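In our numbering, the protein residues as written are 398 to 755.
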């Protein structure tokens with residue numbers, strides 16, 4: 398093998414005939430790092446042990462496990478599905494070639510071997526794979542940039558609503574952490590595990606800043622009133638759930654039902670619903686309340702109790718725990734309260750880490 402081997406592309410040649418392996422290796426070894434396997438089983442073992450194999454030249458007619466089966470196993474595993482497979486075989490019938498391509502092979506070369514043809518096709522497919530890898534990386538980078546921008550804008554919009562009646566934006570950070578903690582711990586509950594996927598949990602955390610976005614539509618005289626609200630003023634305050642829902646519904650419709658915004662809309666609309674049906678705006682009860690709203694109800698309540706507001710002083714962590722315990726089965730989902738009580742020390746830790754600044 399030549400110097401600088403680690404920089405060479407790795408090609409695995411799979412064939413049960415030594416003569417064929419010798420010919421293929423002879424064609425390729427001056428340009429590539431060639432690995433060999435004399436059976437399908439050995440090929441799969443090498444692929445599982447050797448990282449970064451760039452291409453596989455695969456014979457079809459082999460004992461025990463033929464090339465078609467090897468290809469199927471490679472393509473069914475996400476770790477190896479992207480490796481280009483070129484079938485190299487004596488089976489020249491069109492149906493054999495069609496079957497190979499249907500299984501996901503990149504190309505199909507028939508014997509006897511033509512060194513120039515094999516070199517050209519290997520080179521072309523490696524270049525094509527390189528272009529695909531670079532394109533995939535570029536897409537990931539752009540997607541990441543868009544997600545970072547989206548998350549920053551979501552937090553900014555949340556702060557816009559919160560800063561009208563709070564001196565800091567730490568409420569946003571805390572509720573994001575609280576709701577993520579609850580969702581992570583609840584995800585194995587049989588009643589919600591089909592919904593609380595890793596992706597949904599991440600979306601719940603990232604949409605949390607928008608749960609009170611509707612407060613931008615509440616008059617300052619109500620939002621910043623230092624005294625108890627009258628019944629009429631409280632009805633006006635309650636409208637923020639519908640205002641937030643309508644605003645996010647408009648954006649969701651413009652984007653043709655975006656999953657991220659749909660979840661944000663759901664949370665904004667339902668986080669003041671109560672387990673026993675006495676909440677607002679619709680008086681939903683029990684499992685009628687989406688899980689996102691139930692999670693935020695507990696997270697938001699804990700933060701409201703332990704934080705000072707223009708109309709009240711902060712209460713202690715222990716007082717918040719007892720209040721949420723007392724309201725289990727009335728205001729809050731008992732299963733979520735159970736999780737909260739198990740991990741209430743983590744809530745306290747988050748509260749201390751993201752304390753409101755003086």
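Every residue, glycine too, gets a C-beta built ideally from N, C-alpha and C.
Note that the coordinates shown come from a computational prediction; the quantities given were computed from them, not determined experimentally.
Sorted by chain position, which residues of the same chain lie with C-beta nearer than 8 Å to residue i's C-beta, five sequence neighbours on each side aside?
i, result
"residue 424", "510, 512, 515 and 516"
"residue 548", "603"
"residue 650", "none"
"residue 768", "Outside the shown range of the chain, which is 398 to 755, sits residue 768, and nothing can be said about it."
"residue 582", "736, 739 and 740"
"residue 747", "571, 574, 575 and 578"
"residue 465", "457, 496, 497 and 500"
Does residue i pass the burial test, meaning 16 or more other C-beta atoms within 10 Å, or should it be called exposed?
i, result
"residue 707", "exposed"
"residue 528", "exposed"
"residue 696", "buried"
"residue 727", "exposed"
"residue 460", "exposed"
"residue 578", "buried"
"residue 718", "buried"
"residue 592", "exposed"
"residue 418", "buried"
"residue 534", "exposed"
"residue 434", "buried"
"residue 536", "exposed"
"residue 759", "Nothing in the structure corresponds to residue 759, since the chain is present only between 398 and 755."
"residue 532", "exposed"
"residue 446", "exposed"
"residue 691", "buried"
"residue 663", "buried"
"residue 627", "exposed"
"residue 667", "buried"
"residue 742", "exposed"
"residue 479", "exposed"
In chain order, what residues of the same chain have a beta carbon less than 7 Å from the beta carbon of residue i, not counting five sequence neighbours either side?
i, result
"residue 518", "483, 504 and 506"
"residue 720", "702"
"residue 590", "584"
"residue 665", "607, 608, 610, 611, 638, 641, 642 and 645"
"residue 565", "For residue 565, the predicted structure reports a pLDDT of 49, less than 50, and the residue's modelled location is therefore unreliable. The matter cannot be settled from this model."
"residue 401", "Its pLDDT being 42, under 50, residue 401 is placed unreliably in this model, and the coordinates cannot settle the point."
"residue 403", "Legend: pLDDT at residue 403 = 42, less than 50; position of this residue unreliable, no value from coordinates given."
Once you ignore the five residues that flank residue i on each side, which residues in its own chain have a CB closer than 6 Å to its CB?
i, result
"residue 619", "630, 633 and 634"
"residue 722", "none"
"residue 751", "567, 570 and 571"
"residue 526", "481"
"residue 674", "680 and 682"
By DSSP, does residue i sit in helix, in strand, or in coil?
i, result
"residue 707", "coil"
"residue 409", "strand"
"residue 432", "strand"
"residue 660", "helix"
"residue 453", "strand"
"residue 725", "strand"
"residue 751", "coil"
"residue 580", "helix"
"residue 474", "coil"
"residue 687", "coil"
"residue 614", "helix"
"residue 426", "coil"
"residue 608", "coil"
"residue 502", "coil"
"residue 669", "coil"
"residue 677", "coil"
"residue 446", "helix"
"residue 739", "helix"
"residue 744", "helix"
"residue 518", "helix"
"residue 594", "coil"
"residue 682", "coil"
"residue 417", "helix"
"residue 731", "helix"
"residue 512", "helix"
"residue 493", "helix"
"residue 713", "coil"
"residue 622", "coil"
"residue 697", "helix"
"residue 479", "coil"
"residue 628", "helix"
Tell me the DSSP bridge mates of residue i?
i, result
"residue 486", "507"
"residue 758", "Nothing can be reported for residue 758, as the shown portion of the chain is limited to 398 through 755."
"residue 634", "Answer by DSSP bridge pairing: none, since residue 634 is not bridged."
"residue 646", "According to DSSP, which records beta bridges pairwise, residue 646 is partnered with nothing at all."
Please determine whether the Cβ atom of residue i lies at a distance below 7 Å from any heavy atom of the ligand COA.
i, result
"residue 617", "Of ligands this structure carries none, so the ligand COA is not represented either."
With a threshold of 8 Å between beta-carbons, can residue i be considered close to chain C, or not?
i, result
"residue 602", "Annotation note: the requested chain C is absent from the structure, which comprises a single protein chain."
Between the segment 471-488 and the segment 447-461, do three or more beta carbon pairs fall short of 8 Å?
Judged by Cβ distances under 8 Å, the segment 471-488 makes contact with the segment 447-461, as three or more pairs qualify.
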